[in-house]
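Colleague: If you're matching them up, the sequences are chains A and B in order. Count along the first sequence starting at 1, add 138, and that's the number in my numbering. Count along the second sequence starting at 1, add 39, and that's the number in my numbering. Even for Gly, the Cβ is constructed at its ideal location relative to N, Cα and C.
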Amino acid sequence: QVQLVESGGGVVQPGGSLRLSCAASGFIFNNHAIHWVRQAPGKGLEWLSFIHFDGSETNYVESVQGRFTISRDNSKNTVYLQMNSLRVDDTGVYYCARELGRRTKQGFLDPWGQGTLVTVSS
Amino acid sequence: QSALTQPPSASGSPGQSVTISCTGTSSDIGGFNYVAWYQHRPGTAPKLIIYEVTRRPSGVSDRFSGSKSGNTASLTVSGLQAEDEGDYYCSSYENNNKYVFGSGTRVTVL
Numbered sequence: 139q140v141q142l143v144e145s146g147g148g149v150v151q152p153g154g155s156l157r158l159s160c161a162a163s164g165f166i167f168n169n170h171a172i173h174w175v176r177q178a179p180g181k182g183l184e185w186l187s188f189i190h191f192d193g194s195e196t197n198y199v200e201s202v203q204g205r206f207t208i209s210r211d212n213s214k215n216t217v218y219l220q221m222n223s224l225r226v227d228d229t230g231v232y233y234c235a236r237e238l239g240r241r242t243k244q245g246f247l248d249p250w251g252q253g254t255l256v257t258v259s260s
Numbered sequence: 040q041s042a043l044t045q046p047p048s049a050s051g052s053p054g055q056s057v058t059i060s061c062t063g064t065s066s067d068i069g070g071f072n073y074v075a076w077y078q079h080r081p082g083t084a085p086k087l088i089i090y091e092v093t094r095r096p097s098g099v100s101d102r103f104s105g106s107k108s109g110n111t112a113s114l115t116v117s118g119l120q121a122e123d124e125g126d127y128y129c130s131s132y133e134n135n136n137k138y139v140f141g142s143g144t145r146v147t148v149l
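1. Below 8 Å on C-beta distance, what does A:Gly253 contact in chain B?
2. May I ask which residues mark the beginning and end of the beta strand (DSSP E) holding B:His79?
3. Count Cβ pairs between the stretch 76 to 84 of chain B and the stretch 119 to 139 of chain B that sit closer than 8 Å; are there 3 or more?
4. Taking 8 Å as the threshold, find out whether the stretch 178 to 195 of chain A comes into contact with the stretch 139 to 153 of chain A through three or more Cβ pairs.
5. Would you mind stating whether A:Asn212 and A:Asn168 have Cβ atoms separated by less than 8 Å?
6. So that I know if they touch, is there some Cβ in chain A lying closer than 8 Å to that of B:Ser60?
7. Between the stretch 174 to 206 of chain A and chain B, which residues of the former have a C-beta closer than 9 Å to a C-beta of the latter?
8. Give a yes or no on whether the C-beta atoms belonging to A:Phe246 and B:Leu87 are separated by under 8 Å.
9. Along chain B, which residues have their Cβ under 7 Å away from the Cβ of A:Lys243?
10. For the stretch 98 to 116 of chain B against the stretch 47 to 60 of chain B, are there 3 or more C-beta pairs whose distance is under 8 Å?
11. May I ask you to list the residues that DSSP assigns as paired with A:Leu186?
12. Checking contacts by CB at 8 Å: is A:Pro152 closer than that to chain B?
13. Spatial neighbours of A:Phe101 within its chain, please: C-beta separation below 6 Å, excluding the five flanking residues on both sides.
14. Taking only runs that begin and end inside the stretch 89 to 140 of chain B, name each unbroken beta strand (DSSP E) of 3 or more residues, in chain order.
15. Determine, using beta carbons only, whether A:Val256 and A:Gly147 come nearer to each other than 8 Å.
16. Please state if the CB of B:Ser48 and the CB of B:Arg145 are separated by a distance shorter than 8 Å.
17. DSSP on B:Gly69, reduced to helix/strand/coil?
18. Under 8 Å between beta-carbons, which chain B residues line up against A:Val246? List them in chain order, please.
19. Below 9 Å on C-beta distance, what does B:Val146 contact in chain A?
20. Using a 10 Å radius around the Cβ and a threshold of 16 neighbouring Cβ atoms, would you call B:Gly141 buried or exposed?
Below you can see the structure in the form of structure tokens.
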């Protein structure tokens, strides 16, 4: 079945870095854009970033622009989120999610992974 | 990129209907039909229940329906069941390949 599995979360000090991975299976990976979404403790969902099916387009929410970099390796069915200059308010559960349509970028996310927890604390 | 505005909570008795609003601007909801709704139960992954304003993914109950008027989208849950409890989020495409979620609504079945 279609599945996304995040990994790479953990505890990091402010100013540190982490790289999250999103491993996909059960579908033709290079036909779908992938998004990252996070949920801070007690808060709602926040869209962070997307990468188009072939990596030709990426984008970020303003609060992570310049600090986070999204990339994909279609040979490994994996999307990455490199997070630098981490701040305390970057703490939360980070989800990756597949764009529903083939080669679309409409923001319809299905399915989602189970999430990986990132804690930024000194 | 401000979050779309949703009421913090909504409730209803089993069998009743509840409608959740999601208000944005002409740069997001009002400008595109790329509105989606997600159900998020604690400890689980969010689940897409409505996309493209009114469409339901395969396997999603027809008790869920969506609509849009101007800059406001709405989700209606009919025939409320205990399993419908959880948080519901709207989302929309914005200009320039960006996306925004709503603030979230906690649905309680009384």
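Modeller: Straight from the coordinates:
1. Position 115 of the first sequence, counted from the first residue, corresponds to residue 253 of chain A. The contacting residues are Ala84.
2. The count along the second sequence starts at 1 and reaches residue 79 of chain B at position 40. DSSP places B:His79 in the uninterrupted beta strand (DSSP E) bounded by 74 to 79.
3. In the pairwise beta carbon analysis, the stretch 76 to 84 of chain B is classified as touching the stretch 119 to 139 of chain B: at least three pairs are separated by under 8 Å.
4. Verdict: no, contact absent.
5. Numbered from 1 along the first sequence, position 74 holds the residue referred to as residue 212 of chain A. Numbered from 1 along the first sequence, position 30 holds the residue referred to as residue 168 of chain A. The answer is yes: Cβ separation under 8 Å.
6. Working through the second sequence from its first residue, we reach residue 60 of chain B at position 21. Not closer than 8 Å to any Cβ of chain A, the Cβ of B:Ser60 fails to qualify, so no.
7. Against chain B - using a Cβ distance shorter than 9 Å - the residues of the stretch 174 to 206 of chain A are Val175, Gln177, Lys181, Gly182, Leu183, Glu184, Trp185, Phe188, His190, Glu195, Thr196, Asn197, Tyr198, Val199, Glu200, Ser201.
8. Position 108 of the first sequence, counted from the first residue, corresponds to residue 246 of chain A. Position 48 of the second sequence, counted from the first residue, corresponds to residue 87 of chain B. B:Leu87 is positioned such that its CB atom lies closer than 8 Å to that of A:Phe246.
9. Here residue 243 of chain A refers to the residue found at position 105 when the first sequence is read from its first residue. Close partners of A:Lys243 in chain B (Cβ separation under 7 Å): Asn136.
10. With the cut-off at 8 Å, the stretch 98 to 116 of chain B and the stretch 47 to 60 of chain B touch.
11. Locating residue 186 of chain A in the first sequence gives position 48, counting from the first residue. Residue pairing by DSSP places A:Leu186 opposite no residue, since no beta bridge is assigned to it.
12. Here residue 152 of chain A refers to the residue found at position 14 of the first sequence. Cβ-Cβ to chain B under 8 Å: no for A:Pro152.
13. A question about residue 101 of chain A goes unanswered here, because the residues of chain A that appear run from 139 up to 260.
14. Listed in chain order, the beta strand (DSSP E) runs fully inside the stretch 89 to 140 of chain B are 103 to 108, 111 to 116, 125 to 133, 137 to 140, counting runs of at least 3 residues.
15. In the first sequence, counting from the first residue as 1, residue 256 of chain A sits at position 118. In the first sequence, counting from the first residue as 1, residue 147 of chain A sits at position 9. Taking 8 Å as the cut-off, the Cβ atoms of A:Val256 and A:Gly147 count as close.
16. To locate residue 145 of chain B, count along the second sequence from 1; it is residue 106. To locate residue 48 of chain B, count along the second sequence from 1; it is residue 9. Note that the C-beta distance between B:Arg145 and B:Ser48 is below 8 Å.
17. Sequence index remark: in the second sequence, residue 69 of chain B carries index 30 (1-based). Here B:Gly69 sits in helix by DSSP.
18. The residue you call residue 246 of chain A lines up with position 108 of the first sequence. It is Phe, not Val, that sits at residue 246 of chain A in the sequence shown. Against chain B, the beta carbon of A:Phe246 has neighbours under 8 Å at Tyr73, Ala75, Leu87, Tyr90, Glu91, listed in chain order.
19. On the second sequence, position 107 is the one that residue 146 of chain B refers to. Here the premise fails: no neighbours, minimum Cβ distance about 14 Å.
20. Here residue 141 of chain B corresponds to residue number 102 of the second sequence, with the count starting at 1. Under this definition B:Gly141 is a buried residue.
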